[in-house]
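Going by our numbering, the first residue of the sequence shown is number 54, and it counts up by one from there. Quick notes on the structure that follows.
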Amino acid sequence: MKKLNQLTRPSQLLSYGFLDPSAKRELRRKLLKAIAIPGCQIPYASREVPMARGWGTGGLQVTLTLLKPSSVVKVIDQGADDGVNAASIRRFLSRVSGARETTDTCEATIIQSRHRVPEEIMREDQILVLQVPEPEPLRPVEHHISTARQMHADADYAKLWLILYEQMVRTGRIMQATEYPSLVNGRYVMSPSPIPRWDVPKLHMARHLTLLSAGREKRLYAVPPFTKVEPLAFSDVPYRVEDHAHLTCSRSGLKGFFMNEIPQHDGGSLFELSDSGLCQKSLRRAAGEDVLIGATWYRNGMMP
């Protein structure tokens with residue numbers, strides 16, 4: 054007869070990657086379904102993680118599911134790698150998985166981001182995880198979730214078109230700055246996270262996999278590689294991104310990228326590259342270091 058200590062194993066305070074195996078299995082099944090149906094919202098059982106809901110719990114759960122010891126993790130908060138939220142999440146991911154931390158887009162295998170897509174073009178072997186506060190693009194026009202689900206099933210997006218038309222009539226231009234509704238693979242309209250209009254074209258026919266997750270709303274969806282992502286726009290009023298082509302970064306001297314405006318005491322403004330990783334690499338190259346800077350989505354403020 055076996056003894057009790059032979060039938061048990063030493064206790065472990067945490068599972069690898071923090072989430073328990075059953076949670077990871079469920080998330081992986083839902084991620085596969087989301088990839089198979091691009092843009093479609095897939096419900097999942099959002100677990101508790103050591104951060105408040107609304108601060109990126111959905112993206113964190115997806116990243117924890119994908120992590121392995123050989124992963125290289127980059128975390129962005131509104132373009133910055135050194136923000137408190139980004140640094141805390143990056144450190145947590147490294148501690149529970151053994152994955153290496155980085156601030157370099159070219160080195161990372163998994164990039165978790167809030168509000169931005171990196172300026173450097175991502176490769177086929179990289180995964181972008183976007184944190185999403187509000188996954189439902191129909192929420193501004195339909196408050197009842199059951200009705201919104203039926204509208205998605207019927208591909209009935211007339212009310213979204215009406216909102217864009219009303220903005221044109223009232224202001225002469227479309228005012229939607231973030232969460233711009235976009236048609237994925239010619240079927241589902243999704244909310245592409247609160248990224249600016251500047252970043253939405255980066256998802257179109259991209260080589261990398263994009264996963265979007267809302268922990269508080271318990272929904273996730275995906276944009277597989279080489280998938281069409283078309284922002285809703287009228288044929289006679291083309292989709293336009295922010296006009297930042299003429300702005301120059303006050304730190305790195307780079308021009309033609311998305312900038313943050315920094316008000317000055319004299320009433321003027323300075324501009325700084327929103328992608329802090331690209332800015333730091335440019336400064337290091339200017340100082341004489343041999344730094345690899347990847348090709349960028351935009352050139353002189355224009356998509357090629």
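Ideal Cβ positions, reconstructed from N, Cα and C, are used throughout, including at glycine.
Nearest neighbour of Arg167 by Cα position, chosen from Glu154, Val185, Val194, Val276, turns out to be Val185. For Val137, there is no enclosing beta strand (DSSP E); the residue is found in the alpha helix (DSSP H) stretching over 137–150. In terms of CA proximity to Arg260, Asp178 leads the group Asp178, Met356, Glu283. Judged by DSSP secondary structure, Asn313 falls within the beta strand (DSSP E) whose first and last residues are 312–316. In terms of Cβ geometry, Gly306 and Asn353 do not form a close pair [threshold 8 Å]. For Thr263, the enclosing beta strand (DSSP E) starts and ends at 262–267. Of the candidates Met221, Met258, Ala230, Gln229, Met258 places its Cα closest to the Cα of Gly239. Gln131: not part of any beta strand (DSSP E); DSSP gives it neither H nor E. Rounded to whole angstroms, the gap between the alpha carbons of Ser246 and Thr118 is 20 Å. For Ser75, the enclosing alpha helix (DSSP H) starts and ends at 74–89. The shortest C-alpha to C-alpha distance from Gln229 to any of Tyr292, Ala275, Ala339, Val282 is the one to Tyr292.
Remark: C-beta atoms of Val194 and Ile216 approach each other more closely than 8 Å.
Annotated three-state conformation of Ser329 is helix, per DSSP. Distance check between Leu262 and each of Ala275, Val125, Pro103 places Ala275 closest, using alpha-carbon atoms only. Using a Cβ distance threshold of 8 Å, Met356 and Pro254 count as a contacting pair. Residues of the same chain with a CB within less than 7 Å of the CB of Met221, apart from the 5 flanking positions on each side, are Ile227, Val290 in chain order. Around the beta-carbon of Thr200, fewer than 16 other beta-carbon atoms lie within 10 Å, marking it exposed.
For Ile198, the three-state secondary structure derived from DSSP is helix. Taking C-beta separations shorter than 7 Å and ignoring five residues to either side along the sequence, the partners of Thr231 in its chain run Pro247, Ile248, Pro249, following chain order. At the C-beta level, Gln114 and Leu60 stay beyond 8 Å of one another.
In this model, Leu345 and Pro188 are separated by some 35 Å (Cα to Cα).
In this structure the stretch 87–94 lies against the stretch 275–288, because at least three pairs of beta carbons, one per stretch, are closer than 8 Å. Taking 8 Å as the cut-off, the Cβ atoms of Arg78 and Asp328 do not count as close. The three-state reading of DSSP puts Ser235 in strand, counting E and B together. DSSP, read as helix, strand or coil, puts Ala348 in coil. Taking 8 Å as the cut-off, the beta carbon of Leu331 is found no closer than this to the beta carbon of Leu285.
The residues Arg260, His261, in chain order, have a CB closer than 7 Å to that of Arg176 in the same chain once the five nearest residues on each side in sequence are set aside.
Phe279 counts as exposed, since fewer than 16 other beta carbons sit within 10 angstroms of its beta carbon. Within the stretch 204–228, complete beta strand (DSSP E) segments of at least 3 residues are not found at all. At the C-beta level, Ile180 and Ile129 stay beyond 8 Å of one another. CA-to-CA, the gap between His205 and Pro234 works out to about 13 Å. Around the Cβ of Thr224, a 10 Å sphere holds fewer than 16 other Cβ atoms; the residue is exposed.
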